[in-house]
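Chain order of the listed sequences is A and B.
According to the UniProt record's numbering, the first sequence is numbered sequentially starting from 1.
According to the UniProt record's numbering, the second sequence is numbered sequentially starting from 1.
Glycine included, every Cβ here is placed at the ideal spot set by N, Cα and C.
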Amino acid sequence: MTAVSTRNGPEAKAADSYTVVKAKHPGRWLSAAAIIVVAALLLHSVFTNPNFGWDVVGLYLRDVSIGRGILVTLGLTAISMAIGIVLGVIFAVMRLSANPVVRTAAFAYVNFFRGTPVLVQLLFWFNLAALYPVITLGIPGLHLDANQLITPMTAAILGLGLNQGAYMSEIVRAGILSVDHGQTEAAEALGITRMQTMRRIVLPQAMRVIIPPTGNETIGMLKTTALVSVISVPELLYSAQIIYARSFETIPLLIVASLWYLLITSILTIGQYYLERRFARGNQRNLPPTPWQKLRRFIATHDALALKGGTR
Amino acid sequence: MTAPVLAEPMVNADSICKNYGSNEVLKGIDLKVYPGEVVCLIGPSGSGKSTFLRCINHLETVDGGRMWVNGKIVGYDLKGSKLYEQSHNDVCRSRTEVGMVFQQFNLFPHMTVLENLIEAPRLVRKEKKATAVARAKSLLEKVGLSDKADAYPRQLSGGQQQRVAIARALCMEPRLMLFDEPTSALDPELVGEVLKVMKDLANSGMTMVVVTHEMNFARDVADRVVFMADGYVVEQGPARDVITNPQNDRTKAFLASVLSETAAS
C-alpha cells in the first residue's frame, strides 16, 4: 500500500483522466428484445383478432346485470370473509385451549373444511335438503323446510364462510403464537384476565402477522366467489354466463368479468397496503413512506433540469 | 441495616419445591420477607432464583410447600382443612397486590407509554380514565420520563423502557414489588438509571424482592441478601455481611467470581 501511494509517477497523476468503459450486457439486451417482440405480437393479435370482440366488451362493461353481479360478488366476499374471520378467531383460540376436547374439536373442524374441496362443500350445502328435508336443530316446535331455508345464496354464504373459517383459524393461530410469551406474562402479572389479555394485548399485536395473509385471503375469496356460479348465485361470473348463454358472445363476456375481477383485486391490494402500514405502528420506529409520499418527495428534491443533465 | 421485624411477613415461603419433569429446580425454599424490607436474591444461573420469584405471584405453580403473600395462600383458597385451587381470574385479582418487573421489560409495544401505564388500572380496577392518567403521569415524573408519555416503547432506550415498566407495575399500587434481573438486558451505561429508580423506591418504604447480579446494589440498598444455589438457600443475612464477609464456601466462590468480573470490566 505505502509503496504504491508514495510513487509519484505519471500513471498515478493521470488516475482521474482514464476513460471508463462500462461493461456490456448483451444477454440483457437480447432477453429484453425477445420479450418485447413476444409482447408486441401478443398485443397485435389481441387488438386485431376480431374474436376478442372489444366492441362487445365495451358494450357490456357497464351493463346493468353485470353491475348487479359485481354487487353480489362484493357482498358475498364481505359476508364470507366476516364469517371466516369470526370463526377463525374462535377456532384459533379453541386450538390453543387447555381443554383437550375443545382443542380436538377445533382441529377436526379445520381438518375437515381444509381437507375437502370448497366446490364439493358448496354442492353439499346446496343439496342439504336431500340430507335433512326438515331442519329442527333439536328444538321442539322448530320445523324449517330445508328447501326454503337453503337458497343458493345461503348455501354460498355457508359454504364459503365455513371454509374460510378453517383457513383463517390457522392464520389467526400463527398470529397469536407469534406474540412473545412475555407479553402474556406481563399482562398476567398486572392482574389482567385471560380474555382481556387476548383482546387487548395479544390479538392487536397478532394483527401484524394476521393482516397480510388475510388480505391475500380476501383477494382469493373475491375470486373464489366465482365458484358459486355452479349453484346459480347471480354473482359476476354467473351474470356474464347468463348473457352469453343468450348471445353466444362467450369470450367478450368472460373478458368483461375478468376486467372487473382485476380492477377490484387491484383496489383491494392498495387497501391492504395501507392496512398493513397501520398495524405496523409501534413495531417500527418510523413507518416507511407510501409510494405517493415517495413520489412527492422525489418531485420535491429532484429538479427537472438536474435530471436532464444526468451528470454524477 | 437490620431486618425490621414487624408482625406479619409480607411473603412467607414454606419449603417451596418446584420441578420441571425430573429436573428439581427448587428443593425446599424457606423465606420470610417483612413489610418495608428489601431482599436481594443472588446466586449462579440455574440456581432457581427467578423460578422462586415467579412462584411468589403464581406465574409458576409450586409442586410442594406453601407460599403465603399478605397472609393468604397464593393460588388457593383455604377453607377448613382443604385447599381449593383458585380460578384463573381469582389468581389475577390477588396479583394486583404484587407488581413485577421483567428482565425483558415486556412493555406492550402497540401502546404508547401512557397507554401501557393506564391499561391495567382501567381493565382490572375499572378506574376512570382521568384518575388512571393522573396517577400514571405522576409516576412517570417519579421515574423521570414525563416527556415520554406519548412515545412508543420501541422509541425508548432499554433503560427508559425498564423505568416505564417499573412505573407500569406501580400504577396498580402494589404492596410488594418483584424484580426479575431488571438490569441484565441493559447496556452497562444504562444500568445506573434503573438502579436509581429502584433505590428511590426502596427508600420510599416499598417491600421488594430483587433477583440481581448487581452486587453493589445488593450491598448498598438491600436489607437482606439471600444466596441460592442448586435449588437451596445456602446462606442469608444482612446485605453487607453476606457480600463482604460470606461464610459458606459456595457463596465465597460465587462472590469471588462475580466481583472479579466487575473489577475487570
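If we call anything under 7 angstroms between Cβ atoms a contact, is residue i one with residue j?
i, j, result
"I118 of chain B", "C55 of chain B", "no"
"Q205 of chain A", "H213 of chain B", "no"
"E235 of chain A", "G69 of chain A", "yes"
"E181 of chain B", "Q236 of chain B", "no"
"V38 of chain B", "D223 of chain B", "yes"
"M10 of chain B", "P44 of chain B", "no"
"M168 of chain A", "G88 of chain A", "yes"
"A129 of chain A", "N147 of chain A", "yes"
"P188 of chain B", "E97 of chain B", "no"
"V226 of chain B", "L41 of chain B", "yes"
"A106 of chain A", "F126 of chain A", "no"
Could you confirm whether any beta carbon from chain A is found closer than 7 angstroms to the beta carbon of residue i?
i, result
"H213 of chain B", "no"
"V124 of chain B", "yes"
"Q162 of chain B", "no"
"A130 of chain B", "no"
"F108 of chain B", "yes"
"L26 of chain B", "no"
"T96 of chain B", "yes"
"C55 of chain B", "no"
"M228 of chain B", "no"
"V62 of chain B", "no"
"A149 of chain B", "no"
"A218 of chain B", "no"
Taking residue i as the reference, which of the options has the closest Cα?
i, options, result
"L107 of chain B", "B:V225, B:Y152 and B:N89", "B:Y152"
"N248 of chain B", "B:E189, B:V234 and B:V258", "B:V234"
"A134 of chain B", "B:A149, B:D30 and B:K18", "B:A149"
"T250 of chain A", "A:A146, A:W29, A:G53 and A:I201", "A:G53"
"I255 of chain A", "A:V57, A:L43 and A:L190", "A:V57"
"M177 of chain B", "B:A256, B:S184, B:V209 and B:G144", "B:V209"
"F105 of chain B", "B:Q161, B:T96 and B:N245", "B:Q161"
"A155 of chain A", "A:L122, A:A129, A:Q164 and A:A166", "A:L122"
"L190 of chain B", "B:R163, B:Y232, B:P35 and B:E97", "B:R163"
"F124 of chain A", "A:P100, A:G141, A:A105 and A:P152", "A:P152"
"L203 of chain A", "A:L263, A:L259, A:F279 and A:D145", "A:F279"
Got a sec: is the Cβ-Cβ distance from residue i to anything in chain B below 7 angstroms?
i, result
"R194 of chain A", "yes"
"I210 of chain A", "no"
"I176 of chain A", "no"
"P252 of chain A", "no"
"L96 of chain A", "no"
"L190 of chain A", "yes"
Please state the DSSP three-state secondary structure of residue i.
i, result
"Y34 of chain B", "coil"
"D230 of chain B", "coil"
"residue 277 of chain B", "The requested residue 277 of chain B does not occur in the structure, where chain B is confined to residues 1 to 265."
"R62 of chain A", "coil"
"Y273 of chain A", "helix"
"T6 of chain A", "A caution first: T6 of chain A carries a pLDDT of 49, below 50, which makes its placement in the model unreliable, though a value can still be read off. In the structure shown, T6 of chain A sits in a helix (DSSP, three-state: H, G or I)."
"G53 of chain A", "coil"
"N99 of chain A", "coil"
"A68 of chain A", "The question names Ala, but residue 68 of chain A is Arg in the sequence shown. DSSP places R68 of chain A in helix when its eight states are reduced to three."
"G75 of chain B", "coil"
"I251 of chain A", "helix"
"G310 of chain A", "Per-residue confidence for G310 of chain A stands at a pLDDT of 44, beneath the threshold of 50, marking its modelled position as unreliable; no derived number is given."
"E115 of chain B", "helix"
Report all residues from its chain with a CB closer than 8 angstroms to the CB of residue i; omit the five preceding and five following residues, and keep chain order.
i, result
"P212 of chain A", "Q272 and E276"
"I73 of chain B", "R66, M67 and L83"
"E24 of chain B", "C17, K18 and G231"
"D200 of chain B", "K142"
"M198 of chain B", "I166, F179, P182, M208, V210, F217 and V221"
"V46 of chain A", "F52"
Between which residues of its own chain and residue i is the CB-CB distance below 7 angstroms, once the five residues before and five after are set aside?
i, result
"V209 of chain A", "A174, G175 and S178"
"L170 of chain B", "G99 and L139"
"L259 of chain B", "M215"
"R103 of chain A", "M94, R95 and S97"
"N163 of chain A", "F113, V118 and Q121"
Comparing the CB of residue i with every heavy atom of the ligand NAD, is any distance shorter than 6 angstroms?
i, result
"P35 of chain B", "No copy of the ligand NAD occurs in the structure displayed, which carries no ligand at all."
Once you ignore the five residues that flank residue i on each side, which residues in its own chain have a CB closer than 6 angstroms to its CB?
i, result
"T77 of chain A", "M221, L222 and T225"
"D146 of chain B", "Strictly speaking, residue 146 of chain B in this sequence is Ser, with Asp absent from that position. For S146 of chain B, where only same-chain residues beyond five positions count, the Cβ hits under 6 angstroms are L140."
"A120 of chain B", "M172"
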